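The sequence shown begins at 114 in my numbering and counts up one residue at a time.
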Amino acid sequence: MNIKFHHVVFFVIILLLTAAIALNRDGRLLGMTLGGRNSGETQTEWTAADGSRLISTEELAKDVLGFGGNVPLHIYMREGHVVRVEALDNYETPPFFTQVARDILPAWNGLTADEALKKEVAAVSGATISSRAVIENFRRGMEYARGTVAARESGLPGPRTLAAFATALCGLLLPFFIKSAKYRFIQLLANTAVLGFWSGSFLSLSLLTNIAANGVKTWSAALALPLIFAAFIMPFLGKKGHYCSWMCPLGSLQELLNRLPVPKINIPASAVKWLEYLREAVWLAMMMLMWLGVGFGLMDYELFSAFLFRQAVPPVLALAAVFFALSLVTPRPYCRFLCPTGTLIRFAQGDCACAATAPRALKLFLAASFVAAPLWIIAGAFV
114 MNIKFHHVVF FVIILLLTAA IALNRDGRLL GMTLGGRNSG ETQTEWTAAD GSRLISTEEL
174 AKDVLGFGGN VPLHIYMREG HVVRVEALDN YETPPFFTQV ARDILPAWNG LTADEALKKE
234 VAAVSGATIS SRAVIENFRR GMEYARGTVA ARESGLPGPR TLAAFATALC GLLLPFFIKS
294 AKYRFIQLLA NTAVLGFWSG SFLSLSLLTN IAANGVKTWS AALALPLIFA AFIMPFLGKK
354 GHYCSWMCPL GSLQELLNRL PVPKINIPAS AVKWLEYLRE AVWLAMMMLM WLGVGFGLMD
414 YELFSAFLFR QAVPPVLALA AVFFALSLVT PRPYCRFLCP TGTLIRFAQG DCACAATAPR
474 ALKLFLAASF VAAPLWIIAG AFV
């Protein structure tokens, strides 16, 4: 097996793996419901047990996506006024969505459909994508309630999204034309500030699963395209690790911290090897759980959400603090020793430390498992 063919095989395995996880979680692939899984029409209106008029936005807003997919609502109305709004099950990051539900959903209580449509409700800072999806779901429900067709919003990108696009494109293209340590420092700062803290734009297992399940229907998903190109296509052009090195905000912040004048430590090569095995073992365990249809919530505990620190859960913030402190004394510790998304990207490139040193029989077993399990899940979607 030559290197190029080896790379293609691993890349195809990752495509199958991501598709299988999306089907296991959402029952959809690129926005299409396959086979008989949740493919029936959903009722839009009925009378609730308490006598309220209940409107569901599952069908009304099935094209509206948050960060993790659809965010349908149940809207309860009595005598033409909103009684309460409830969020149905979704795959938004729990700590972010909890604040969205707490701050936004009660804002329409007591209003008529006309009053609710006129009311301006602000998105929750740090959870803008989820907030906008909830607001648009409610708007569709109110348009239905008053008997008019919901007009689709243009959804043009705002300054934050445009700045993130520009930063991502700079990281994708400029390193080939500008060979300067000063430029690299500026790009690292921009990645951290714009892609990280300002816009929250980065590749993660959650985002990749969302795109695999729903396709590219929002600007937040479209923003991921240059990041995905850098992570998975650039390696075919001889530029392995381009995303992690030049575009990832978490890697950029770790590198900036490592540049501070703090005494460094030298980790022995043997310890580095075992830590890399640990990183791959963590990733493999997550993949196996999601193959089995459980453990999807683990994706929300990647450290990327620490950039949105107002909504990040305490364990993520604590773990981020540990790795940022380690970054002062050793280069990119999270990237090298834990990052599940980085491991998936490396695996797609054919760079797997365990496979490189494993016996031939174990390699064949791992390869067969990585192909057979996703194919079994995908085939099951058509049954």
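Here a beta-carbon is modelled for each residue, glycine too, at the ideal position from N, C-alpha and C.
Because the structure is a prediction, the values reported are computed rather than measured.
### Task
Specify whether the region 324-343 and the region 423-440 touch according to this definition: at least 3 beta carbon pairs, one from each stretch, less than 8 angstroms apart.
Cβ pair count under 8 angstroms is below three, so no.
### Query
Closest to Trp387 by CA distance: which of Phe450, Ala306, Leu218 is it?
Taking the first residue of the sequence shown as position 1, residue 387 is located at position 274. The residue with the shortest Cα to Cα distance from Trp387 is Phe450.
### Message
Using only CA atoms, which one of Val407, Tyr390, Thr443 lies nearest to Pro374?
### Response
Residue 374 sits at position 261 when you count from the first residue of the sequence shown. Nearest C-alpha to Pro374: Thr443.
### Query
Hey, Ala433 and Leu416: beta-carbon distance below 9 angstroms or not?
Taking the first residue of the sequence shown as position 1, residue 433 is located at position 320. Taking the first residue of the sequence shown as position 1, residue 416 is located at position 303. Leu416 is positioned such that its CB atom lies closer than 9 angstroms to that of Ala433.
### Task
Specify the secondary structure class of Thr206 as computed by DSSP and reduced to three states.
By one-based count along the sequence shown, residue 206 stands at place 93. DSSP places Thr206 in coil when its eight states are reduced to three.
### Task
Check Met360 in the structure and name its three-state DSSP category.
Here residue 360 is taken as the residue at index 247 of the sequence shown, counted from 1. Reduced to three states, the DSSP call for Met360 is coil.
### Query
Residues in its own chain within less than 6 angstroms of Trp359 by CB, not counting five upstream and five downstream?
Indexing the sequence shown from 1 puts residue 359 at position 246. Correct list, in chain order: Gly284, Pro288.
### Message
Which same chain residues end up closer than 7 angstroms to Ala246 when comparing Cβ atoms and leaving out the 5 residues on each side of it in sequence?
### Response
Taking the sequence shown and counting its residues from 1, the one referred to as residue 246 is at position 133. Excluding positions up to five away in sequence, the list reads Val177, Leu178, Gly179, Val184.
### Query
Should Ala334 and Ile346 be called a contact, given that it needs their Cβ atoms to be closer than 9 angstroms?
Taking the first residue of the sequence shown as position 1, residue 334 is located at position 221. Taking the first residue of the sequence shown as position 1, residue 346 is located at position 233. No, these two residues do not count as a Cβ contact at 9 angstroms.
### Query
So is Pro348 buried or exposed if we call it buried at 16+ other beta carbons inside 10 Å?
Numbered from 1 along the sequence shown, position 235 holds the residue referred to as residue 348. It is buried - the Cβ of Pro348 has at least 16 other Cβ atoms within 10 Å.
### Query
Would the beta-carbon of Cys465 fall within 9 angstroms of that of Leu363?
Position 352 of the sequence shown, counted from the start, is the residue given in the question as residue 465. Position 250 of the sequence shown, counted from the start, is the residue given in the question as residue 363. No; because the gap between Cβ atoms is not below 9 angstroms, this pair is not in contact.
### Query
Based on Cα-Cα distance, which residue from Trp404, Ala419, Met401 lies nearest to Pro367?
Indexing the sequence shown from 1 puts residue 367 at position 254. Strictly speaking, residue 367 in this sequence is Gln, with Pro absent from that position. The option with the nearest alpha carbon to Gln367 is Ala419.
### Task
Use the C-beta contact count for His119: other C-beta atoms within 10 angstroms, 16 or more gives buried, fewer gives exposed.
Here the question's residue 119 lines up with position 6 in the sequence shown. With fewer than 16 Cβ atoms within 10 Å of its Cβ, His119 is classed as exposed.
### Query
Closest to Ile188 by CA distance: which of Val196, Gly181, Gly182 is it?
In the sequence shown, counting from the first residue as 1, residue 188 sits at position 75. Measuring from the Cα of Ile188, the nearest candidate turns out to be Val196.
### Query
Nearest CA to the CA of Leu411: which residue from Leu130, Glu172, Pro207, Ala162?
Taking the first residue of the sequence shown as 1, we reach residue 411 at position 298. Checked all of Leu130, Glu172, Pro207, Ala162; the closest Cα to Leu411 is Pro207.
### Query
Just checking my contact of Phe409 with Met401 at CB under 8 angstroms: how many whole Å lie between their CB atoms?
The residue given as residue 409 occupies position 296 in the sequence shown. The residue given as residue 401 occupies position 288 in the sequence shown. The C-beta separation of Phe409 from Met401 comes to about 13 angstroms, leaving the pair out of contact by the 8 angstroms criterion.
### Query
Sorted by chain position, which residues of the same chain lie with C-beta nearer than 7 angstroms to Met69's C-beta, five sequence neighbours on each side aside?
In this structure the chain extends from 114 to 496, so residue 69 is not present and cannot be described.
### Delimiting residues of the beta strand (DSSP E) encompassing Trp159
Translated into the one-based positions of the sequence shown, residue 159 becomes position 46. Residue range 158-160 is occupied by the beta strand (DSSP E) that includes Trp159.
### Task
Could you please give me the residues that DSSP links to Thr456 through a beta bridge?
Here residue 456 is taken as the residue at index 343 of the sequence shown, counted from 1. Paired residues: none, contrary to the question.
### Message
Just to confirm the assignment, what range does the alpha helix (DSSP H) spanning Leu397 have?
### Response
In the sequence shown, residue 397 corresponds to position 284, counting from 1. Unbroken alpha helix (DSSP H) run through Leu397: 382-404.
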